[in-house]
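Contents: one structure, followed by commentary.
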Ligand code: SAH
Ligand code: SF4
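In the working numbering, the protein residues as written are 89 to 456.
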């Protein structure tokens, strides 16, 4: 017997769908704005809080919809550092979102800004060797409501406004393109969060057809590529996806992206001791970055329980960055703020699901 599907969540309902439902049920059109305000601006915790709606309408809403598909399970970290939120989904699975205070060096934003890193899937099918998200395989795509629900919940729990959104949490967003696009459409709407497309960054491990598809999208969304290796042989050791879409094909898709968009690409590069951190890789990476007019984000590897790789010594990280900068590439070296709170996305969820016996314990491996 399959469980009844839960009622649709208002965090996934476009303003036009709310208006259509109101029309269908014979309600005046102005109620749409009131409902949207309660959901997105006042962040109501229950339908009862929507005091300017008639009781009958509140009851009809409660019967037909849920407010949000996420239940808050845990918060790690504190207000002046990185905070990580764990959410329970209706099927008992977990996802996490990370709220990061401004990093002016990275985004050129004033210091009171906040970036939220959201998940797009439960687990991940791509199995990159450094990443906790793929360790227990892929479970399912998140719905648009589950994606947007993370932003709403993070804002409500923290009392902060999310200024930048990065799809760098658990999962491969471009493998969930329809829900990703629905979520983007929703949160950029003036009636909801009204986030500017330029404040949204989608990060991908390099899904070539979807990069080309997203390049056609009319909004000026930003794109980050998880590169992590400057040559096919090194990248293949780290990211199995490179066998399907090797660097030549990836770079051709990024050239196409550049021909359609005027936002600078970002190349994400985790530094892993003895694996991808040589001067030679840095020099080749610099050539790629210059060709693509991309900036490079260097991230010292965060240790993941179950994986044996290490972060390189600090001097080596600096040397890698210096090689890039000397070649005229904009490169930032970001020592993760949340290193001590299982910051690499996917770890907190894995811990929780392992504790509950949803996924089996991960056996330590030596991927090198
Ligand atoms: N699937 C997408 C988006 C999610 S993962 C992608 O691969 O781009 C995005 C990023 O999480 C990685 O590029 C990396 O920046 C970060 N990350 C994952 N595991 C990490 C680890 N162990 N240490 C440091 N950063 C990590
Ligand atoms: Fe998936 Fe991205 Fe992690 Fe690779 S880095 S396993 S694509 S979430």
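C-beta: ideal position from N, C-alpha, C; glycine also.
Restricted to the region 128 to 213, the alpha helix (DSSP H) segments that are unbroken, complete and at least 4 residues in length are 143 to 152 and 192 to 195, listed in chain order. With a cut-off of 7 Å, the C-beta of residue 221 is classified as near the ligand SF4, since at least one heavy atom of the ligand falls inside that distance. The ligand SAH has a heavy atom closer than 7 Å to the beta-carbon of residue 389. Using a 10 angstroms sphere on the CB of residue 139, the tally of other CB atoms stays under 16, which defines it as exposed. Given a length threshold of 3 residues, each whole run of the beta strand (DSSP E) inside the region 343 to 426 is given here in chain order: 354 to 359, 383 to 388 and 419 to 421. For residue 276, the enclosing alpha helix (DSSP H) covers residues 265 to 276. Sequence-distant Cβ neighbours of residue 289 in its own chain, meaning closer than 6 Å and more than five residues away, are 254, 310 and 312.
When distances are taken from the beta-carbon of residue 357 to the heavy atoms of the ligand SF4, even the shortest one reaches 7 Å or more. Per DSSP, reduced to three states, the secondary structure at residue 313 is strand. Listed as beta-bridge partners of residue 252 by DSSP are 203. Secondary structure at residue 288: strand, using DSSP grouped into helix, strand and coil.
Beta-carbon to beta-carbon, residue 353 and residue 335 are separated by about 14 Å, too far to satisfy the 8 Å threshold. For the ligand SAH, no non-hydrogen atom lies closer than 7 Å to the CB of residue 94.
Boundaries of the beta strand (DSSP E) around residue 228: 226 to 229. Looking at the DSSP output, residue 97 shares a beta bridge with 154.
Here residue 441 has 181, 182, 224 and 447 as same chain residues with Cβ atoms under 8 Å from its own Cβ, once five neighbours each way along the sequence are excluded.
In this structure, residue 246 places its C-beta atom within 8 Å of the C-beta atom of residue 187.
Between the region 285 to 302 and the region 257 to 265 there are three or more C-beta pairs closer than 8 Å, enough to call the two in contact. Residue 315 is positioned such that its CB atom lies closer than 8 Å to that of residue 356. Bounds of the alpha helix (DSSP H) holding residue 246 are 232 to 246.
Comparing alpha-carbon positions, the option among 258, 275, 362 and 380 lying closest to residue 340 turns out to be 380.
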